[in-house]
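For the sequence shown, position 232 (counting from the first letter as 1) is numbered 256 according to the numbering used here, and the numbering increases by one without interruption. Ideal placement from N, C-alpha and C gives every residue a C-beta, glycine not left out. None of these values were measured; they are calculated from a predicted model.
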Amino acid sequence: MTQPNPTGLDAYKPAQIAELVESAGVAKAHLSVSQTLTLAILAGIFIGFGGAAYTMVMTGVDPGFGPARFLGGVVFSLGLILVVVGGAELFTGNALMTIAAVDRKISMQALLRNWGLVYLGNLIGAVALALAFAVTGLLDGPMGTTATTIADAKAGLSAAQAFARGILCNALVCLAVWLSFAARSVMGKVLAVLWPISGFVLLGLEHSIANMYLLPQGVLSGAEVGWVLACRNLFWVTLGNIAGGAGGVALAYRFAYLRKVAS
Numbered sequence: 025m026t027q028p029n030p031t032g033l034d035a036y037k038p039a040q041i042a043e044l045v046e047s048a049g050v051a052k053a054h055l056s057v058s059q060t061l062t063l064a065i066l067a068g069i070f071i072g073f074g075g076a077a078y079t080m081v082m083t084g085v086d087p088g089f090g091p092a093r094f095l096g097g098v099v100f101s102l103g104l105i106l107v108v109v110g111g112a113e114l115f116t117g118n119a120l121m122t123i124a125a126v127d128r129k130i131s132m133q134a135l136l137r138n139w140g141l142v143y144l145g146n147l148i149g150a151v152a153l154a155l156a157f158a159v160t161g162l163l164d165g166p167m168g169t170t171a172t173t174i175a176d177a178k179a180g181l182s183a184a185q186a187f188a189r190g191i192l193c194n195a196l197v198c199l200a201v202w203l204s205f206a207a208r209s210v211m212g213k214v215l216a217v218l219w220p221i222s223g224f225v226l227l228g229l230e231h232s233i234a235n236m237y238l239l240p241q242g243v244l245s246g247a248e249v250g251w252v253l254a255c256r257n258l259f260w261v262t263l264g265n266i267a268g269g270a271g272g273v274a275l276a277y278r279f280a281y282l283r284k285v286a287s
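See below:
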């Protein structure tokens with residue numbers, strides 16, 4: 025019988041994580057439409073709160089200054105911590121469901137159904153939170169100026185830049201989710217999420233669901249970003265997020281740990 029580790033530092037091994045992630049993908053695919061949408065809306069709100077906190081932290085500082093950006097990343101981690109610990113459906117993290125689809129534990133139709141519903145729910149939640157912050161009046165002051173700067177910078181990215189940053193971003197996000205499965209405690213999950221997410225924010229990478237909040241927040245603050253530019257950014261970042269999460273992290277770990285089991 026395995027004895028508990030009194031330090032609390034024990035974790036699931038990578039091969040066990042792969043099995044847990046695959047099982048989670050199957051469970052996600054079997055959620056009802058109402059459950060999926062509800063949890064997806066919550067995730068959009070959670071990531072939006074992380075985006076709002078990041079905006080406030082970056083207010084009054086040089087956004088290109090490394091330590092300030094790192095602090096912004098630490099604060100932004102709030103969003104994924106709420107998703108992972110509180111329980112919600114996040115499009116970028118659900119890229120890991122590709123493992124279950126490749127192993128035919130769920131159909132491709134079920135995978136795309138989940139992604140579509142979750143993406144829609146994330147969008148609803150993120151935009152709703154941006155509208156709520158506009159009503160608070162917080163975006164009328166310095167926070168609004170920062171929000172405008174953030175939105176302008178995102179809208180100014182080329183398609184290649186947005187796509188590449190999306191790939192790298194969701195590699196780190198999916199690694200954060202992957203590491204959270206290793207943890208056996210809430211604190212372990214929090215620490216597992218904190219560093220990869222802080223890293224992607226520090227590096228200036230692009231997260232589609234965060235942008236669903238940050239772009240509307242900027243527009244509502246007065247940024248001269250048309251909806252065409254906003255949708256263009258989301259399109260390329262979303263494709264990059266899929267490539268980095270599903271085509272990168274998910275398939276790499278599936279090949280490493282589940283290929284023999286599946287064959």
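In its own chain, which residues sit with a C-beta less than 8 Å from the C-beta of residue i, not counting the 5 before and 5 after it?
i: residue 213; result: 105, 108, 109, 204, 207
i: residue 79; result: 167, 170, 171, 174, 238, 241
i: residue 90; result: 226
i: residue 55; result: 63, 113, 138
i: residue 176; result: 242, 247, 248, 249
Excluding the 5 residues flanking residue i on each side, which residues of the same chain have their C-beta closer than 7 Å to its C-beta?
i: residue 134; result: 53
i: residue 34; result: 208
i: residue 125; result: 132, 135
i: residue 260; result: 183, 186, 187, 190
i: residue 83; result: 166, 167, 170
i: residue 270; result: 119, 122
i: residue 266; result: 119
i: residue 157; result: 76, 163, 241
i: residue 38; result: 281
Taking residue i as the reference, give the member of the options with the closest Cα.
i: residue 221; options: 34, 95, 44, 50; result: 95
i: residue 73; options: 263, 93, 103, 37; result: 103
i: residue 63; options: 146, 234, 186; result: 146
i: residue 65; options: 58, 149, 215, 97; result: 149
i: residue 216; options: 89, 196, 93; result: 196
i: residue 130; options: 161, 43, 49; result: 49
i: residue 59; options: 187, 111, 280, 256; result: 111
i: residue 179; options: 113, 255, 91, 282; result: 255
i: residue 93; options: 271, 225, 218; result: 225
i: residue 163; options: 77, 128, 271; result: 77
i: residue 201; options: 101, 161, 144; result: 101
i: residue 139; options: 99, 85, 117; result: 117
i: residue 219; options: 44, 91, 97, 38; result: 97
i: residue 249; options: 283, 181, 223; result: 181
i: residue 144; options: 57, 158, 230, 38; result: 57
i: residue 290; options: 223, 177, 266; result: Residue 290 cannot be examined here, being either before or after the span of the chain that is shown, 25 to 287.
So residue i and residue j are supposed to be a Cβ contact under 8 Å. How far apart are they, rounded?
i: residue 115; j: residue 151; result: Contact flag wrong, Cβ pair sits at about 14 Å.
i: residue 193; j: residue 274; result: Wrong, their Cβ atoms sit about 15 Å apart, outside the cutoff.
i: residue 232; j: residue 258; result: 6 Å
i: residue 190; j: residue 122; result: With a Cβ gap of about 16 Å, residue 190 and residue 122 do not count as contacting.
i: residue 282; j: residue 86; result: The pair is not a contact, with the Cβ atoms about 45 Å apart (cut-off 8 Å).
Once the 5 residues before and after residue i are set aside, which same chain residues still bring their CB inside 6 Å of it?
i: residue 75; result: 234, 237, 238
i: residue 29; result: Low per-residue confidence applies at residue 29: pLDDT is 48, beneath 50, and the placement is therefore not dependable enough to give any value.
i: residue 264; result: 187, 190, 191
i: residue 67; result: 107, 112, 113, 114, 146
i: residue 277; result: 42
i: residue 272; result: 195
i: residue 36; result: 206
Classify residue i: buried if its beta carbon has 16 or more other beta carbons within 10 angstroms, exposed otherwise.
i: residue 70; result: buried
i: residue 251; result: exposed
i: residue 40; result: exposed
i: residue 88; result: exposed
i: residue 42; result: buried
i: residue 211; result: exposed
i: residue 154; result: buried
i: residue 161; result: exposed
i: residue 279; result: exposed
i: residue 45; result: buried
i: residue 159; result: exposed
i: residue 268; result: buried
Taking 8 Å as the threshold, find out whether the stretch 162 to 176 comes into contact with the stretch 243 to 263 through three or more Cβ pairs.
yes
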